[in-house]
DNA sequence: CTTTGCATGTAACATGTTACATGATTCA
DNA sequence: TGAATCATGTAACATGTTACATGCAAAG
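This is the structure in structure tokens:
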């Protein structure tokens, strides 16, 4: 089972929206997918070269890439594949699990930092969501869905921290 | 900034609980951290060799590894470091974002599969949680916290799918 | 006696990040 | 004119997975 690179997917998707240079692809990814996706130049340039060789994108005289018909077909095919479940590796839970090897203070700091990060993320997402209220393009419903995903999960994290603080305190006073 | 391998952390943590062979370390990780962590043999054996060379673990005559005092110190130090934020790469959201390139049916299938997976995960976690009710060891409070994290997030995913289905339907009938 | 589990390891590959090198253009 | 931004790429490194090779021991 060949784990197909998801970089191909994000690059093809970006070019399906709008032709761009390699640099522009990265900017587009940061601006539109930034709250849940990330690419580095070290991936983008080789990927564009490979996509070009496969005839999925083509480069014009200014160095701008655009997606070909074949590229659109490949994009749809890749999108239809189920997202490969990434093997779970949650660094926070690893620390929580082994927290008996930490002092109470350190464990508390870990929870505090987690809640702070989630609250910042939530604020960021809510700002993006408000920005979408003025968006009239029909795709906006999908963009909103990605933001809402983050909102739900940030709130889940915040609720979990509250609950976990109480759980740890109960233990302390037992 | 050197992304320290978290494999070291999981292996040291496992050995802090109980000495084991490389094979046993993996079993312990599957059994106790399985719902949020994963290691392959290809990582565990080289990591054990490296930890041994650093004097953080030692091997007895039967090939069992146990953690040294230095290893415990290193474990505590690594646990105290904030979990490095993994660069966000959410394959599901990538597909949702680019869903305009999918048919409605494919988009719906993606949401259905997501909800199913989350519900299965939730059932699995709730079973683990019930199992913890009989657990008397003091560490159990931390184990429970890791399970509860998964419960909160699985529920968040389920709620998000419900909301998103409604969002997409509203668009459809507009 | 054969399957299952225990046990150790390596090699090839895939993916991805970071740092570096280089240069053009634009804007203050 | 100097800083910021646009632009392209490579090389070294880190991390991790998968497949393969090998062999012993226990259980049925």
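Chains as they are written, first to last, in my numbering: chain A, 33 to 206; chain B, 33 to 206.
Ideal Cβ positions, reconstructed from N, Cα and C, are used throughout, including at glycine.
What you are looking at is a predicted structure, and each value in this text was computed from that prediction instead of being measured.
Going by DSSP in three states, residue i sits in which element: helix, strand or coil?
| i | result |
| --- | --- |
| residue 90 (chain A) | strand |
| residue 42 (chain A) | helix |
| residue 48 (chain A) | helix |
| residue 196 (chain B) | helix |
| residue 132 (chain A) | helix |
| residue 84 (chain A) | helix |
| residue 118 (chain B) | coil |
| residue 106 (chain A) | helix |
| residue 53 (chain A) | coil |
| residue 37 (chain B) | coil |
| residue 113 (chain B) | coil |
Going by DSSP, what residue range makes up the alpha helix (DSSP H) through residue i?
| i | result |
| --- | --- |
| residue 129 (chain B) | 123-129 |
| residue 68 (chain B) | First-last for residue 68 (chain B): undefined, no H or E at that position. |
| residue 154 (chain B) | 136-164 |
Against residue i, what residues of chain B qualify as contacts under a CB-to-CB distance less than 8 Å, listed in chain order?
| i | result |
| --- | --- |
| residue 128 (chain A) | 174, 177, 178 and 181 |
| residue 48 (chain A) | 130 and 133 |
| residue 88 (chain A) | Here the premise fails: no neighbours, minimum Cβ distance about 14 Å. |
| residue 45 (chain A) | 126, 129, 130 and 133 |
| residue 145 (chain A) | 114 |
| residue 188 (chain A) | 184, 185, 187 and 188 |
Output needed for residue i: all residues of its chain with C-beta closer than 8 Å, excluding positions within five of it in sequence on either side, in chain order.
| i | result |
| --- | --- |
| residue 96 (chain A) | 51, 52, 53 and 56 |
| residue 79 (chain B) | 37, 39, 40 and 43 |
| residue 35 (chain B) | With a pLDDT of 45 at residue 35 (chain B), under the threshold of 50, the predicted position of this residue should be treated as unreliable, though the coordinate-derived value follows. These residues qualify, in order along the chain: 116. |
| residue 47 (chain A) | 57, 89, 97, 98, 99 and 103 |
For the beta strand (DSSP E) holding residue i, just list the boundary residues, first then last.
| i | result |
| --- | --- |
| residue 170 (chain A) | Segment: none, residue 170 (chain A) is in no beta strand (DSSP E) and carries neither H nor E. |
| residue 98 (chain B) | 97-99 |
Using a cut-off of 8 Å between C-beta atoms, extract the partners of residue i located in chain A.
| i | result |
| --- | --- |
| residue 152 (chain B) | Within 8 Å Cβ-Cβ: nothing; residue 152 (chain B) doesn't reach chain A, min ~12 Å. |
| residue 107 (chain B) | 130 and 133 |
| residue 209 (chain B) | With chain B covering only 33 through 206, there is no way to say anything about residue 209 (chain B). |
What does residue i pair with, by DSSP beta-bridge criteria?
| i | result |
| --- | --- |
| residue 186 (chain B) | Paired residues: none, contrary to the question. |
Name, please, each residue of chain A whose Cβ falls closer than 9 Å to the Cβ of residue i.
| i | result |
| --- | --- |
| residue 59 (chain B) | Chain A residues near residue 59 (chain B): none, gap ~16 Å exceeds 9 Å. |
| residue 200 (chain B) | 173, 174 and 177 |
| residue 195 (chain B) | 177, 180 and 184 |
| residue 98 (chain B) | By Cβ distance, chain A contributes nothing, its closest Cβ being about 15 Å from residue 98 (chain B), past 9 Å. |
Given that residue i touches chain B, what residues does it touch there, using C-beta distances under 7 Å?
| i | result |
| --- | --- |
| residue 123 (chain A) | 38, 115 and 116 |
| residue 138 (chain A) | 112 |
| residue 191 (chain A) | 184 |
Interface residues of chain A around residue i at Cβ under 7 Å?
| i | result |
| --- | --- |
| residue 74 (chain B) | Neighbours of residue 74 (chain B) on chain A: none; closest Cβ ~13 Å, over 7 Å. |
| residue 41 (chain B) | 126 |
Return the chain-ordered list of same chain residues with a C-beta closer than 6 Å to the C-beta of residue i, the five sequence neighbours on each side being excluded.
| i | result |
| --- | --- |
| residue 22 (chain A) | No statement about residue 22 (chain A) is possible, as the shown extent of chain A runs from 33 to 206 and does not include it. |
| residue 33 (chain A) | For residue 33 (chain A), the pLDDT reaches just 29, beneath the cut-off of 50, and the residue's location in the model is therefore unreliable, leaving the point undetermined. |
| residue 176 (chain A) | 164 |
| residue 139 (chain A) | 131 |
For residue i, which residues from the same chain have a beta carbon less than 7 Å from its beta carbon, with the 5 sequence-adjacent residues on both sides left out?
| i | result |
| --- | --- |
| residue 157 (chain B) | 67, 179, 182, 183 and 186 |
| residue 169 (chain B) | none |
| residue 61 (chain B) | 42, 46, 69 and 71 |
| residue 73 (chain A) | 58 |
State yes or no: is the C-beta of residue i nearer than 6 Å to some heavy atom of the ligand NAP?
| i | result |
| --- | --- |
| residue 177 (chain A) | The ligand NAP is not part of the structure shown, which contains no ligands of any sort. |
Could you work out which residues of chain B lie near residue i, taking near to mean beta carbons separated by less than 9 Å?
| i | result |
| --- | --- |
| residue 162 (chain A) | Residues of chain B passing the Cβ test: none, with the nearest at roughly 16 Å. |
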